[in-house]
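Per the numbering used here, the sequence shown starts with residue 187, numbered consecutively.
Below is one structure, written out as structure tokens; comments come after it.
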Amino acid sequence: MRVMPNDLDAYWMPFTANRQFKQAPRMLVSAKGMYYRSDDDRPILDGTSGLWCVNAGHGRLEIAEAVKAQLARLDYAPSFQMGHPIAFEAAAKLRQILPEELSHVFFANSGSESVDSALKIALAYHQLRGEGRRTRLIGRERGYHGVGFGGISVGGLASNRRQFALLPNVDHLPHTHDLERNAFSRGLPAWGGHLADDLERLVALHDPSTIAAVIVEPMAGSAGVLLPPKGYLERLRAICSKYGILLIFDEVITGFGRLGGHAFAAEKFGVKPDMITMAKGLTNGTIPMGAVATSDDIYRTFMDQKDNPAAIELAHGYTYSGHPVACAAAIATIDAYQREKLFERAETMAPAFEKAAHGLRDAPHVIDIRNMGLVTGIELAPRSGQPGARAYETFVHCFENGTLIRVTGDIIALSPPLIISESQIDDLFGAVRAALNTVA
Ligand SMILES: Cc1ncc(COP(=O)(O)O)c(C=O)c1O
Numbered sequence: 187m188r189v190m191p192n193d194l195d196a197y198w199m200p201f202t203a204n205r206q207f208k209q210a211p212r213m214l215v216s217a218k219g220m221y222y223r224s225d226d227d228r229p230i231l232d233g234t235s236g237l238w239c240v241n242a243g244h245g246r247l248e249i250a251e252a253v254k255a256q257l258a259r260l261d262y263a264p265s266f267q268m269g270h271p272i273a274f275e276a277a278a279k280l281r282q283i284l285p286e287e288l289s290h291v292f293f294a295n296s297g298s299e300s301v302d303s304a305l306k307i308a309l310a311y312h313q314l315r316g317e318g319r320r321t322r323l324i325g326r327e328r329g330y331h332g333v334g335f336g337g338i339s340v341g342g343l344a345s346n347r348r349q350f351a352l353l354p355n356v357d358h359l360p361h362t363h364d365l366e367r368n369a370f371s372r373g374l375p376a377w378g379g380h381l382a383d384d385l386e387r388l389v390a391l392h393d394p395s396t397i398a399a400v401i402v403e404p405m406a407g408s409a410g411v412l413l414p415p416k417g418y419l420e421r422l423r424a425i426c427s428k429y430g431i432l433l434i435f436d437e438v439i440t441g442f443g444r445l446g447g448h449a450f451a452a453e454k455f456g457v458k459p460d461m462i463t464m465a466k467g468l469t470n471g472t473i474p475m476g477a478v479a480t481s482d483d484i485y486r487t488f489m490d491q492k493d494n495p496a497a498i499e500l501a502h503g504y505t506y507s508g509h510p511v512a513c514a515a516a517i518a519t520i521d522a523y524q525r526e527k528l529f530e531r532a533e534t535m536a537p538a539f540e541k542a543a544h545g546l547r548d549a550p551h552v553i554d555i556r557n558m559g560l561v562t563g564i565e566l567a568p569r570s571g572q573p574g575a576r577a578y579e580t581f582v583h584c585f586e587n588g589t590l591i592r593v594t595g596d597i598i599a600l601s602p603p604l605i606i607s608e609s610q611i612d613d614l615f616g617a618v619r620a621a622l623n624t625v626a
């Protein structure tokens, strides 16, 4: 039975073609394991972990129980000049899976807030060290860092910037996507490590004494699954260290096992950033929450100020920073990741996922497939004069036939929950092939 809201008008939907959607709505009403259910009661295989966040699969009762118990015990408590134990517990729990050198956690409520928090921490850090001229932030073309003013300014997706005003003092590295050289790569593309050297150019242009931080996604997710070329992140790290620039990895998508084998891409790639931003998989998508993990050096710079021990070290925070209910969800989620060894599982399933993804190489319209862990980008040739239309129609076809995929421009991005089975992998890629066979 279709359970339709009687008025679609009141809700202004985010990142949605509202007028088009409201003509032909697609509604999800429940979820369990690998499947959503639509309002007309069809199972929908989740090929995208919701929006890259439900890494442990849907409907986890242990998370629901933890949330329920916390709501009954302490629904809300302020975090400004007050504390509640579960926020400290959640930070300590997260520390168990963070890279060792990132040992302090600042809580926010989303990826966007985490990014803005990290950028502000970077500026304040340099100021405290007497390098207050370091106010410039470096992002990357095709980067996505959420929708705050900081995030869209360092971000490199033109469509997310053009309606708004941006922060000054921002510059961008070139993106790393090169189909001519790297098409159909498995894992890290071979060509392009030297693109990190462009940071030397920006340093020469602006002078290192003006640059506070470089922020990149270790793997650009929202721009369509762009993996870092071999050696690229190492070179970025080396150049940042050489000039005293902080390196921030935005792991809102890559965090919590997406790339397989490790909780974070920083560990997977063996590169140590000064901060990691995260959200999404932190609570398995159940309760909004984000976090910034910082190095001990950054934390100590704030805490070791000599002048006024009663001063607030960082004039920043949110009403819901360390929200008790979100903390309960985070602890239960990380428990599930650890108990079921889901990051290792993602690594174990990765070869089957890679094989199935690259099996689409001969499907109509496909011009590239790239992958790592349990994520793949399948790039389609755009239909002449209608960029994005072919991928959008593929998405609609998949949904109507029981599979949720995500498309961005003409790229299909698949990132299923880490609990996916081999037969579900076959179903997922089978659905994409069937759709590609159908769309013009
Ligand atoms: C890398 C990255 N950073 C930040 C964000 C923003 O997160 P949120 O939508 O929770 O604000 C996203 C969301 O997709 C993301 O992929």
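Glycine included, every Cβ here is placed at the ideal spot set by N, Cα and C.
As the structure is a computational prediction, the values presented were derived from the model and not from experiment.
From the options, residue whose alpha carbon lies closest to that of residue i
i, options, result
"Val438", "Gly417, Gly447, Tyr429, Ile462", "Ile462"
"Leu381", "Ala351, Arg326, His331, Asp493", "Arg326"
"Glu533", "Ile605, Arg525, Pro510, Asp490", "Ile605"
"His502", "Ala514, Met220, Phe293", "Phe293"
"Thr321", "Val333, Lys527, Gly332, Ile307", "Ile307"
"Gln610", "Glu286, His358, Gly378, Leu231", "Leu231"
"Phe450", "Pro271, Met475, Glu286", "Glu286"
"Phe207", "Tyr578, Glu608, Asn587", "Tyr578"
"Leu353", "Gly233, Tyr523, Ile324, Arg619", "Ile324"
"Arg387", "Pro495, Ile401, Pro360, Ala369", "Pro360"
"Phe370", "Met268, Asp548, Arg319", "Asp548"
"Gly329", "Met405, Leu600, Arg619, Leu422", "Met405"
"Glu317", "Gly407, Phe455, Leu432", "Leu432"
"Phe585", "Asp613, Asn204, Val561, Pro415", "Asp613"
"Pro602", "Arg576, Glu540, Gly571, Pro550", "Glu540"
"Ala518", "Ala277, Asp436, Asp393", "Ala277"
"Gly243", "Tyr523, Gln349, Ile597", "Tyr523"
"Ile598", "Tyr504, Glu565, Arg569", "Glu565"
"Ile434", "Gly341, Ala543, Glu251, Val593", "Gly341"
"His312", "Arg246, Thr487, Arg525", "Thr487"
"Ala497", "Arg223, Ala536, Gln267", "Gln267"
Alpha carbon of residue i to alpha carbon of residue j, nearest angstrom
i, j, result
"Arg347", "Leu546", "33 Å"
"Lys279", "Gly508", "13 Å"
"Met403", "Pro264", "Before going further, note that residue 403 is Glu rather than Met in the sequence given. Those two C-alpha atoms are separated by around 32 Å."
"Glu530", "Arg444", "10 Å"
"Pro229", "Phe581", "16 Å"
"Thr589", "Asn470", "20 Å"
"Gly334", "Ile401", "14 Å"
"Ala310", "Met489", "12 Å"
"Ile630", "Leu413", "Missing from the structure shown is residue 630; the chain here goes from 187 to 626 and no further."
"Lys458", "Asn368", "26 Å"
"Ala567", "Gly297", "31 Å"
"Ala627", "Val253", "Limits of the chain in this structure are 187 at one end and 626 at the other, which puts residue 627 out of reach."
"Ala376", "Lys416", "6 Å"
"Gly476", "Tyr506", "10 Å"
"Ser300", "Arg205", "31 Å"
"Lys527", "Gln349", "43 Å"
"Ala390", "Ile397", "11 Å"
"Asn557", "Thr362", "15 Å"
"Ala617", "Pro200", "26 Å"
"Lys428", "Ser395", "12 Å"
"His551", "Val593", "14 Å"
Three-state secondary structure (DSSP) of residue i
i, result
"Ala294", "strand"
"Arg531", "helix"
"Leu231", "strand"
"Gly545", "helix"
"Arg326", "strand"
"Ser481", "strand"
"Leu412", "strand"
"Phe201", "coil"
"Val552", "strand"
"Gly563", "strand"
"Asp383", "helix"
"Gly219", "strand"
"Asp521", "helix"
"Leu359", "strand"
Residues near residue i in its chain [Cβ-Cβ closer than 6 Å; skip 5 each side]
i, result
"Gly595", "Gly574"
"Met440", "Reading off the sequence, residue 440 comes out as Thr, not Met. Once the five neighbours on either side are set aside, the close Cβ partners of Thr440 are Pro404, Met405, Ala451."
"Thr480", "His290, Met461"
"Gln256", "Pro510, Val511, Ala514"
"Leu282", "Note that residue 282 corresponds to Gln in the displayed sequence, not to Leu. Nothing listed; no residue qualifies."
Residues near residue i in its chain [Cβ-Cβ closer than 7 Å; skip 5 each side]
i, result
"Ser303", "Phe292, Ala294, Val478, His502"
"Leu194", "Lys208, Pro211"
"Pro474", "Asn295, Ser296, Ala512"
"Asp554", "Leu365, Ala369, Phe370, Glu565"
"Leu419", "Pro404, Phe455, Val457"
Cβ neighbours of residue i in the same chain (closer than 8 Å, five flanking residues each side left out)
i, result
"Asp384", "Leu359, Pro360"
"His583", "Ala620, Ala621, Thr624, Val625"
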